[in-house]
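Here's the structure we're looking at; comments come further down.
2 protein chains.
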Amino acid sequence: MKKKIKARSVPFSQTRSRHASETAEDYVEAVMELVEEKGECRVLDLARYFNVSHVTVSRIVKRLQDEDLLYTKPYKPVELTAKGSKLAKRVKERHLIVLAFLTKLGVDKANAEIDSEGIEHHVGSKTLAAMKNFLK
Amino acid sequence: MKKKIKARSVPFSQTRSRHASETAEDYVEAVMELVEEKGECRVLDLARYFNVSHVTVSRIVKRLQDEDLLYTKPYKPVELTAKGSKLAKRVKERHLIVLAFLTKLGVDKANAEIDSEGIEHHVGSKTLAAMKNFLK
DNA sequence: CATCATCCGTAGCCATTGCTACATTTATAC
DNA sequence: GTATAAATGTAGCAATGGCTACGGATGATG
Ligand SMILES: [Mn+2]
Ligand SMILES: [Mn+2]
Ligand SMILES: [Mn+2]
Ligand SMILES: [Mn+2]
């Protein structure tokens with residue numbers, strides 16, 4: 003009889019799917035923060051924020067506008083749509099929970115900020131609930 | 003005076019860098035596990051493991067061979083190099099710690115397996131140490 | 001209002017990771 | 001040994017997200 007190989011395809015498929023939404027999540031969160039801090043969010047603000055070129059930002063903003071998450075016009079600031087704003091709030095809340103969780107776990111601020119920026123996108127509802135519970 | 007925008011580029015740069023190593027990490031870990039479980043690791047084993055086509059696997063194996071992590075010849079099994087084996091052990095150990103950590107935190111097995119597959123690549127040495135400490 | 005610096009768009013390149021379709025090699029069955 | 005099945009390779013396409021180079025638009029300065 004053939005040896006059974008443990009099915010591991012589900013976690014990998016889920017991880018790929020999460021990576022596919024990662025850019026959208028980071029961008030709407032960034033736009034929300036930049037609008038709060040500066041009053042408006044320009045392409046170059048996002049480029050500096052993410053440390054990428056303005057070309058990369060411009061193309062991604064266009065795609066997210068097609069997905070109805072962002073709104074902009076040529077040479078105008080980038081704004082959140084209603085859908086984008088809703089997503090941004092969810093994403094930011096999750097990010098803050100992950101950051102607070104790592105901090106309470108004993109990770110220093112700098113490393114908690116670095117690691118939470120990646121971890122946030124891989125935290126499902128069950129894990130998020132467990133983190134919230136730990137924080138109480 | 004212009005409002006100071008908090009510098010957030012470091013976490014994003016680090017996250018991009020971690021994503022760039024993610025495929026290599028997952029592949030060497032998979033090869034190690036498949037060799038352990040089946041005796042050898044074929045291209046199609048990896049395709050089923052990751053739930054991607056054999057073409058995707060074949061191209062990635064070629065790249066990782068160039069990076070001296072894997073070794074193979076046409077129509078032959080895929081093997082780990084010394085460098086790949088060393089990386090696989092580190093990666094698998096980290097993965098197991100993250101999985102055990104989530105489980106101890108109260109996350110069910112299925113979700114812990116899904117989330118840990120993505121989270122593992124964003125856990126730095128400080129966070130890993132904090133998780134290990136929590137497990138004690 | 002003319003100039004200049006800044007911001008932004010476009011063209012075009014690359015790497016990575018997905019895919020289907022088809023060709024070839026290897027292993028299995030008869 | 002030959003036919004068939006399975007595994008692997010190759011060709012070629014798409015989406016995403018990096019980049020540089022260049023040119024046009026916008027806004028500030030004088
Ligand atoms: Mn993030
Ligand atoms: Mn974030
Ligand atoms: Mn993984
Ligand atoms: Mn990730």
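Respectively, the protein sequence lines represent chains A and B. According to our numbering, the stretch in the first sequence is residues 3 to 138, in order. According to our numbering, the stretch in the second sequence is residues 3 to 138, in order. Here a beta-carbon is modelled for each residue, glycine too, at the ideal position from N, C-alpha and C. Note that the coordinates shown come from a computational prediction; the quantities given were computed from them, not determined experimentally.
- Query: In this structure, does DSSP put L82/A in helix, strand or coil?
  - Reply: strand
- Item | Environment of L71/B [buried if 16+ CB atoms lie within 10 Å] | buried
- At 7 Å on the CB atoms, spell out the chain A contacts of D2/B, in chain order. In the structure as shown, chain B starts at 3 and stops at 138, and residue 2/B therefore has no counterpart that could be examined.
- Item | Inter-residue spacing [alpha-carbon to alpha-carbon] between R92/A and Y29/B | 32 Å
- Message: Counting only beta-carbon separations shorter than 8 Å, does R65/B have a partner in chain A?
- Response: no
- Item | Segments assigned beta strand (DSSP E), at least 3 residues, entirely inside the segment 44-104 of chain A | none
- From which residue to which residue does the alpha helix (DSSP H) around D117/A run? 111-121
- For E81/A, collect the residues of the same chain with a Cβ closer than 6 Å to its Cβ; drop the 5 residues on either side in sequence, then sort them by chain order. Y73
- Query: Closer than 6 Å from C-beta to any heavy atom of ligand 3: which residues, in chain order?
  - Reply: D28/B, E119/B, E122/B, H123/B
- Query: Candidates H124/A, F136/A, S87/A, E95/A: which alpha carbon is nearest V37/A's?
  - Reply: S87/A
- Query: Are the C-beta of T25/B and some C-beta of chain A separated by less than 8 Å?
  - Reply: no
- Message: For a test of the three-state rule: what should DSSP assign to V125/B, helix, strand or coil?
- Response: coil
- Does any CB atom of chain A fall closer than 8 Å to the CB of Y29/B? no
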